[in-house]
Amino acid sequence: MKVAVIGAGWAGMAAAIAHAQAGREVTVFEAARTVGGRARAVPATLPGGEAATLDNGQHILIGAYAESLRLMRLVGVDASTVLLRLPLTLQFPDGQGLQLPDLPPPLDALLGIVRAKGWSLRDKLALLRTATAWQLKGFRCPPATSVSDLCAPLTPRLMAEFIDPLCVSALNTPAHQASGQVFLRVLQDSLFSGRGGSNLLLPRVDLGALLPEPAVRWLKAQGRHQVLTGQRALRLQPQPGGRWQVNGAAGLLGAADDAPDVFDHVTLACPSWEASRLVGGLAGEAGLASAGPWSALAGALRFEAITTVYAHAPGARLPQPMLALRSTPHSPAQFVFDRGQLDGQHGLLAFVVSASDGERSHIEQQVLQQAAAQLGISALQ
Numbered sequence: 002m003k004v005a006v007i008g009a010g011w012a013g014m015a016a017a018i019a020h021a022q023a024g025r026e027v028t029v030f031e032a033a034r035t036v037g038g039r040a041r042a043v044p045a046t047l048p049g050g051e052a053a054t055l056d057n058g059q060h061i062l063i064g065a066y067a068e069s070l071r072l073m074r075l076v077g078v079d080a081s082t083v084l085l086r087l088p089l090t091l092q093f094p095d096g097q098g099l100q101l102p103d104l105p106p107p108l109d110a111l112l113g114i115v116r117a118k119g120w121s122l123r124d125k126l127a128l129l130r131t132a133t134a135w136q137l138k139g140f141r142c143p144p145a146t147s148v149s150d151l152c153a154p155l156t157p158r159l160m161a162e163f164i165d166p167l168c169v170s171a172l173n174t175p176a177h178q179a180s181g182q183v184f185l186r187v188l189q190d191s192l193f194s195g196r197g198g199s200n201l202l203l204p205r206v207d208l209g210a211l212l213p214e215p216a217v218r219w220l221k222a223q224g225r226h227q228v229l230t231g232q233r234a235l236r237l238q239p240q241p242g243g244r245w246q247v248n249g250a251a252g253l254l255g256a257a258d259d260a261p262d263v264f265d266h267v268t269l270a271c272p273s274w275e276a277s278r279l280v281g282g283l284a285g286e287a288g289l290a291s292a293g294p295w296s297a298l299a300g301a302l303r304f305e306a307i308t309t310v311y312a313h314a315p316g317a318r319l320p321q322p323m324l325a326l327r328s329t330p331h332s333p334a335q336f337v338f339d340r341g342q343l344d345g346q347h348g349l350l351a352f353v354v355s356a357s358d359g360e361r362s363h364i365e366q367q368v369l370q371q372a373a374a375q376l377g378i379s380a381l382q
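Convert by adding 1 to the 1-based position in the sequence shown; the result is the number in my numbering.
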C-alpha cells in the first residue's frame, strides 16, 4: 500500500512513521523548505552580527508526553541528552511561586503547595481543597464550564500566579474563555499521571533536531520512503478504485519518469485551513458527500496566536533556565527561557506571549520594558 502524508510537521512525521511501521510505502509532501511545521529550527542573526539558530517558537514538553518520547527513542534520539528534565516550576524572578519537589504524586504537589513562597495559608488551603474536589469528581465538570468558573473558589493570587499562567501555557487560551473540562484533563494527565508526568522537558537542541530531522533520516534509512520539501499540495484528485493523486503547482506531486504516483491512502497532517481547502475541493465528487460539511467544520476552527520574542544582551543570564513572569496587558510575556543554559547560546533569552494579540513591534517593545522591570535587564535588543 502506498500512502501520501500532507505535511511534515511533528504530526506528519509521526503519521509517516506509523505508516512505515505498518508496512506501507510513505511519501511525505511538505510545502516549506524545511521539516518541523510550527516547531522547527530557523537560522537568524543576532544584533552583534553573530549567527544563531532559533526556533520558530519556543516550545517545551512535559513528562506526560509519552508518545513524543517514544517516537524520539524510535528514531534514535536520546531524550536524556536533548532534553533538560526539571520538576514543575512556576517561580517568578523574585523567587515567589510554586516549585514541585522530585517526589511521586500526590506528594510532589502537596509538598510543593505547602512550600510555595509568597502564598498565604489561605491561598494554600484553597488550592488543596479545590484540587481534592476535582480529584473526587473524577476530573469532570459540566461542558460549558470555563476555567475561571472552575477555579472560582481560589484566591486572586492563585489565579494570577498559578492558574492563569498554567492555563494559557497549556491551552493558549485565557482562563475566562478556556474549557474547564480540557483543563482538568491536562491536570489529570500531568500532575496526577505518575511520577515525572508533570516534569518540564526543556529542549537543549533546536526543535528540528529534536524529532523532525531524525524522523526524516529514520524514514529514508528504511529504504522505500521519501520526504519531499517545497512541494505544496494544491488538489487531491480521486482515481478509480478509491485511490488518489496529489496535484501541486507544477503538476502531479511524487511523479517520476512520467509515471505519476497513485496513492491508496492520503493522511492530512497540515493546518486545518489547508485541510479544509483540500477536502473542500472534493465536494461534488461521487461518493464524497461529506466533503463539503467536513471542510466547513475544519475551516471554522479558530486559533489564538503565540508570539516568541527573542532578545539578546552580552552576559544576560537568568537564575534558572525558565522563569514565570507576571503578565498584564502592558507586560504580555508569561514565561522567559535562558537559551544559554539550554543550548549554549549565551545572552539569548526567549520570551513567550501566549494568546498574543497586537502588532509585532508593539509586543516587542512591551516585552523589552517588561524584561527591564521584572528581570532588571535593560540592555536587551
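Glycine included, C-beta positions come from ideal geometry on N, C-alpha and C.
All of these numbers come straight from a predicted model, not from anything done at the bench.
When you compare each of the options to residue i by their alpha carbons, which one comes out closest?
i	options	result
I7	Q232, Q238, A284	Q232
H177	D79, I164, T268, L343	I164
A145	P48, D124, G181	G181
S170	L343, V337, Q370, A292	V337
V187	P215, Q136, A234	Q136
A306	S332, A356, E286	A356
F304	W274, R327, Q321	W274
N173	V354, L369, R361	V354
A312	D358, Q366, G249, S69	Q366
Q189	V217, L212, R141	R141
M14	A374, L47, Q227	Q227
Q335	I364, G341, I18, D344	I364
A372	P215, S328, R39	S328
A19	G50, G49, E68	E68
R244	A276, G288, A216, L208	G288
L208	A21, A16, G38	G38
P213	K3, V148, A5, A17	A17
H266	P330, R25, L129, L128	R25
A53	V4, R340, S362, A270	R340
So residue i is in the beta strand (DSSP E); what residue range does that whole segment cover?
i	result
G249	244–249
K221	No beta strand (DSSP E) holds K221; the alpha helix (DSSP H) holding it covers 213–222.
M323	323–325
S191	Not the beta strand (DSSP E): S191 falls in the alpha helix (DSSP H), residues 181–191.
R393	A query on residue 393 cannot be resolved here, the shown segment of the chain reaching from 2 to 382 and no further.
G49	It is not in any beta strand (DSSP E) - G49 carries neither H nor E in the DSSP assignment.
I307	306–313
L203	201–204
H266	266–269
P239	236–240
V228	227–230
V27	26–31
For residue i and residue j, which I take to be in contact (beta-carbon distance under 8 Å), what is that distance rounded to the nearest angstrom?
i	j	result
R196	V83	Between V83 and R196 the Cβ distance is about 21 Å, and since that is not below 8 Å, they are no contact.
A317	L381	6 Å
L34	N57	According to the sequence provided, residue 34 is Arg. The question's Leu does not apply to it. Actually they are not in contact, since the Cβ atoms of R34 and N57 sit about 13 Å apart, beyond 8 Å.
L343	L203	6 Å
A110	V148	Actually they are not in contact, since the Cβ atoms of A110 and V148 sit about 18 Å apart, beyond 8 Å.
DSSP three-state label for residue i, please.
i	result
T131	helix
G282	coil
K3	strand
R74	helix
L91	strand
R340	helix
G37	strand
D109	helix
K125	helix
S357	strand
I18	helix
A287	coil
L349	strand
I61	coil
V43	strand
L55	strand
G209	helix
G139	coil
By Cβ distance below 8 Å, which residues in the same chain neighbour residue i in space, the five residues on each side in sequence not counted?
i	result
P106	L192, F193, S194, G195, R196, G198, S199
T131	C152, P154, L155
Starting from residue i, follow the alpha helix (DSSP H) in both directions and report where the run begins and ends.
i	result
A380	Run containing A380: none; DSSP gives neither H nor E here.
P166	165–172
L101	Here L101 belongs to no alpha helix (DSSP H), and DSSP marks it neither H nor E.
S362	361–375
P294	292–300
H331	Element bounds for H331: n/a, residue is neither H nor E.
V148	148–151
Would the C-beta of residue i count as close to the ligand NAD, meaning under 7 Å from any of its heavy atoms?
i	result
A314	The ligand NAD is not part of the structure shown, which contains no ligands of any sort.
Can you name, in chain order, every residue of its own chain whose Cβ lies under 7 Å from the Cβ of residue i, other than the five neighbours on each side?
i	result
G98	L91, Q92, A117, K118, G119, E162, A325
L55	V43, A45, Y311
Starting from the C-beta of residue i, find all residues in its chain whose C-beta is less than 6 Å away, skip the five residues before and the five after it, and write them out in chain order.
i	result
T230	E31, R34
L87	L201
V280	A292, W295, S296
T309	G58, Q59, A351, V353
A299	S273, A276, S277
L369	L381
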